[in-house]
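Participant: The sequence shown begins at 469 in my numbering and counts up one residue at a time. We put the CB at the ideal spot given by N, CA and C, even for glycine. Source: prediction; values computed, not measured. Dumping the structure here so I can ask a few things about it.
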Amino acid sequence: MSSLAEAIPTDLLPPLLQDFVRRIGLEPTMALVKHSGGLRIYIPTPERATPDHPFAAVIGLDNLLALATEYGGLPHFQLPKAEKALIAVRNARIAQAYTTHQTARELAAEHRLTEGQIVRIVAAAGVTAPVDRRQAALF
């Protein structure tokens, strides 16, 4: 998760998650998103945040206490999924892999996308295949 967390542009995160990042850091925030993103969650009050709480197992007790200080006891709220940020990271990784060693077909199979989607992602990134993979070298 750490390599993914380091690659996520925080400006693409929803405002709530940006606040979580300021309070507990990017990696624990994304661990919580991976665990409960898209679901309604409840952050306990600091007095009720214990090592046995499910979120303590995901982000650590210190981070849960940091969130409990601000969000503890508030009504349930939906934790965003951070899809835009995760898609941006995925697309950057696809573009990087395409420029070095993988074909659009291989990337489509790996990421469960169509070849057309891979071609659009690569074109939007402005990258090209390595010279040794182009057919022009055959002529």
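(1) Which class does GLN546 belong to by DSSP, given the choice of helix, strand or coil?
(2) Tell me whether the region 503-512 and the region 540-556 touch, counting them as touching only if at least three CB pairs, one residue from each stretch, are closer than 8 angstroms.
(3) If you draw a straight line from the C-alpha of ALA592 to the C-alpha of ILE586, how long is it?
(4) Is it buried or exposed for TYR566, if we count other Cβ within 10 angstroms and need 16 for buried?
(5) In the DSSP assignment, the alpha helix (DSSP H) including ARG491 goes from what residue to what residue?
(6) Between the Cα of PRO598 and the Cα atoms of ALA577, ALA576 and GLN564, which residue gives the shortest distance?
(7) Taking PRO522 as part of the alpha helix (DSSP H), name the residues at either end of that continuous run.
(8) Are the CB atoms of ALA556 and LEU480 nearer to each other than 8 angstroms?
(9) Going along the chain, which residues of its own chain have a beta-carbon closer than 7 angstroms to the beta-carbon of HIS521, five neighbours each way excluded?
(10) Are the CB atoms of ALA517 and ALA536 nearer to each other than 8 angstroms?
(11) Give every residue of the same chain whose Cβ lies closer than 6 angstroms to the Cβ of PRO496, excluding the five residues on either side of it in the sequence, and list them in chain order.
(12) Can you tell me the Cβ-Cβ gap for ARG491 and GLU538, rounded? I've got them flagged as a contact below 8 angstroms.
(13) Does ARG580 come out as helix, strand or coil in the three-state DSSP assignment?
Facilitator: By the coordinates alone:
(1) Strand, per DSSP.
(2) Note that the region 503-512 touches the region 540-556; at least 3 beta-carbon pairs, one per stretch, sit closer than 8 angstroms.
(3) For ALA592 and ILE586, the distance between alpha carbons rounds to 10 angstroms.
(4) The residue is buried, with at least 16 neighbouring Cβ atoms inside 10 Å.
(5) Note, ARG491: alpha helix (DSSP H), 483-492.
(6) Nearest neighbour of PRO598 by Cα position, chosen from ALA577, ALA576 and GLN564, turns out to be GLN564.
(7) Counting along the chain, the alpha helix (DSSP H) containing PRO522 begins and ends at 522-527.
(8) A contact, by the Cβ cut-off of 8 angstroms.
(9) Correct list, in chain order: PRO512 and LEU532.
(10) Less than 8 angstroms divides the Cβ of ALA517 from the Cβ of ALA536.
(11) Contacts found: ILE527 and ASN531.
(12) Confirmed, Cβ separation roughly 7 angstroms.
(13) In the structure shown, ARG580 sits in coil (DSSP, three-state: anything other than H, G, I, E or B).
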